[in-house]
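These notes are about the structure you will find just below.
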Amino acid sequence: MNMNARTWLQCVDCSETYYRNAKLYNCPKCGGLLDVQHDLDYLRTCVSTDLFDQRLGGFKNWERSGVWRYRELIAPELAEDEMVTRGEGNTMLYDSPPWLAQFTGHKKLQLKHEGENPTGSFKDRGMTTGVSQAKHLGAHAVICASTGNTSASMASYAALTGLQGVVAIPAGKIALGKVAQAIAYGATCLEICGDFDQAQKLVLDAANKLPVYMLNSVNPFRLEGQKTIMLEMLQQRRWKVPDWVVVPGGNLGNSSSFGKAFMELHHLGIIKRMPRIAIVQAEGASPFFRSWQGNFKEHITMKAETLATAIRIGDPTNYAKAKRTIEVTGGLVVCVTDQDIMDAKACIDAAGIGCEPASAASVAGVRQLVE
């Protein structure tokens, strides 16, 4: 690795470092997950809340993005003309209406609605950075495994920059509306005989052997974009840190990126303390919850089944990073039933906000935590 670089890849397990432009998804030395690391000591000299606040009124496309507004903390070495953006982010932070507060038993609940992104999910935050990195590397095609949201998001951003999108979908385990979006955006969709975990393994194998760039959450550049959910939430709260952040857990990309965001912000002095993070899993897809129950002594996997398709994952890719998040934030993991999820969804829908079942898991989790 170039020791003068201000951004590099680093293994979560063995700490081996690699050049930021290496087309890697796992550590070649030990097989561990990779982080995008930044020179935080340097960033302390040029990053501030004032800088990010000033950009709220910017007129450049990247300044209007709720991801690239924080570019120094995401991909500081990427040129402006390499940023593939649809103005993602800028999603509302809603105060909980009275009946939702009554449902959860918590009066000061706020909801960050990532369904307001261009293709309808938080995946757009990760795809703007992931596809931008693909463009930077000179890729001609991008690939992912998906049960819905990821396919629509990747296909949109790929089309925006002229890349061919390829999606592997598990047979009969998909959100049809999202796959329809992917097809409309020109992606090639391949139905796989197996579940999401099997589809993702196939895609990773293809990405390691073929000239395609993988954009599932094992890709560390994608998670850099997802960090901005927390950056934007803090900015909307005038940089005041909440006591808790509660997030659904499927492949554990968001919880992993949230923990990394808070660790970096704390190092930079932007926040003085970190919130505790609670990860909520569906009962039928709760391998991380079961591992947490056993103090992470065993890495548990399972055959997942839940109506919350976006978190129907039995072998989460980002297990090690999510474990780090729980440890550094003093967090915990909870498990809710499908009925709990649908009850929470009904309440959120009645508030005029609306969400998919996977997102409602977080509100169901809050209710359980309060109880």
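Every letter in the sequence shown is one number past the one before it in our numbering, and letter 206, counting from 1, is 428. Heads up, the beta-carbon is just placed ideally off N, CA and C, and yes, glycines get one too.
Cutting at 8 Å between CB atoms, please list the residues of its own chain near Leu246, excluding the five before and the five after it. In the sequence shown, counting from the first residue as 1, residue 246 sits at position 24. So the list reads Leu231, Tyr240 and Leu256, once near-sequence residues are dropped.
Outcome for Gln403 when other beta-carbon atoms lying within 10 angstroms are tallied against a minimum of 16: Here the question's residue 403 lines up with position 181 in the sequence shown. Buried, since its Cβ has 16 or more Cβ neighbours within 10 Å.
Sequence-distant residues of its chain with Cβ nearer than 8 Å to Ala429 (five each side left out): The sequence position of residue 429 within the sequence shown is 207, counting from 1. Result list for Ala429: Tyr247, Ile365, Tyr435 and Met436, in chain order.
Near His489, which residues of its chain fall below 6 Å by C-beta distance, leaving aside the five closest residues on each side in sequence? The residue you call residue 489 lines up with position 267 of the sequence shown. Excluding sequence neighbours, His489 sits near Leu262.
What does the alpha-carbon distance come out to for the pair Gly506 and Ala526? The residue you call residue 506 lines up with position 284 of the sequence shown. The residue you call residue 526 lines up with position 304 of the sequence shown. Gly506 and Ala526: Cα-Cα distance of roughly 6 Å.
Between the C-alpha atoms of Met225 and Arg242, what's the straight-line distance to the nearest angstrom? Counting from 1 along the sequence shown, the entry for residue 225 is found at position 3. Counting from 1 along the sequence shown, the entry for residue 242 is found at position 20. Note that Met225 scores a pLDDT of 44, beneath 50, so its modelled location is shaky; the value from the coordinates is reported in the next line. Roughly 11 Å between the two C-alpha positions.
Nearest-angstrom Cβ-Cβ length linking Phe443 and Gly387, presumed shorter than 8 Å: Against the sequence shown, residue 443 aligns to sequence position 221. Against the sequence shown, residue 387 aligns to sequence position 165. The Cβ separation is near 17 Å, so there is no contact.
Buried or exposed by the 16-neighbour rule on C-beta atoms within 10 Å, applied to Thr267: Position 45 of the sequence shown, counted from the first residue, corresponds to residue 267. Exposed, because fewer than 16 other Cβ atoms sit within 10 Å of the Cβ of Thr267.
Can you tell me the Cα-Cα spacing of Asp427 and Asp562, whole angstroms? Numbered from 1 along the sequence shown, position 205 holds the residue referred to as residue 427. Numbered from 1 along the sequence shown, position 340 holds the residue referred to as residue 562. One C-alpha to the other measures close to 37 Å.
Presumed contact (8 Å Cβ cut-off) between Ile499 and Thr539, rounded CB distance: Along the sequence shown, one-based indexing puts residue 499 at 277. Along the sequence shown, one-based indexing puts residue 539 at 317. The C-beta separation of Ile499 from Thr539 comes to about 18 Å, leaving the pair out of contact by the 8 Å criterion.
Nearest to Cys569 by alpha carbon, out of Ser513, Leu474, Trp321 and Ile405? To locate residue 569, count along the sequence shown from 1; it is residue 347. Of Ser513, Leu474, Trp321 and Ile405, the residue nearest in Cα terms is Trp321.
Express the C-alpha separation of Phe418 and Cys411 in angstroms, rounding to a whole number. If you number the sequence shown from 1, residue 411 lands on position 189. If you number the sequence shown from 1, residue 418 lands on position 196. Cys411 and Phe418 have their C-alpha atoms some 14 Å from each other.
Rounded to whole angstroms, what's the CA-CA distance from Ser169 to Leu398? Just pull it up for me. One cannot answer for residue 169 here, as it falls past the ends of the chain, which runs 223 to 593.
Verify whether the separation of the beta carbon atoms of Asn441 and Gln422 is less than 7 Å. Locating residue 441 in the sequence shown gives position 219, counting from the first residue. Locating residue 422 in the sequence shown gives position 200, counting from the first residue. Not a contact, by the Cβ cut-off of 7 Å.
By how many angstroms is the C-alpha of Cys415 removed from the C-alpha of Thr271? On the sequence shown, position 49 is the one that residue 271 refers to. On the sequence shown, position 193 is the one that residue 415 refers to. Taking the straight line from one Cα to the other gives about 48 Å.
In three-state DSSP terms, what is Lys251? Within the sequence shown, the letter at position 29 stands for residue 251. Here DSSP, grouped into helix, strand and coil, assigns Lys251 to coil.
For Cys233 and Gly447, I'd like the C-alpha separation in whole angstroms. Translated into positions along the sequence shown, residue 233 becomes position 11. Translated into positions along the sequence shown, residue 447 becomes position 225. Going by the C-alpha atoms only, they are around 19 Å apart.
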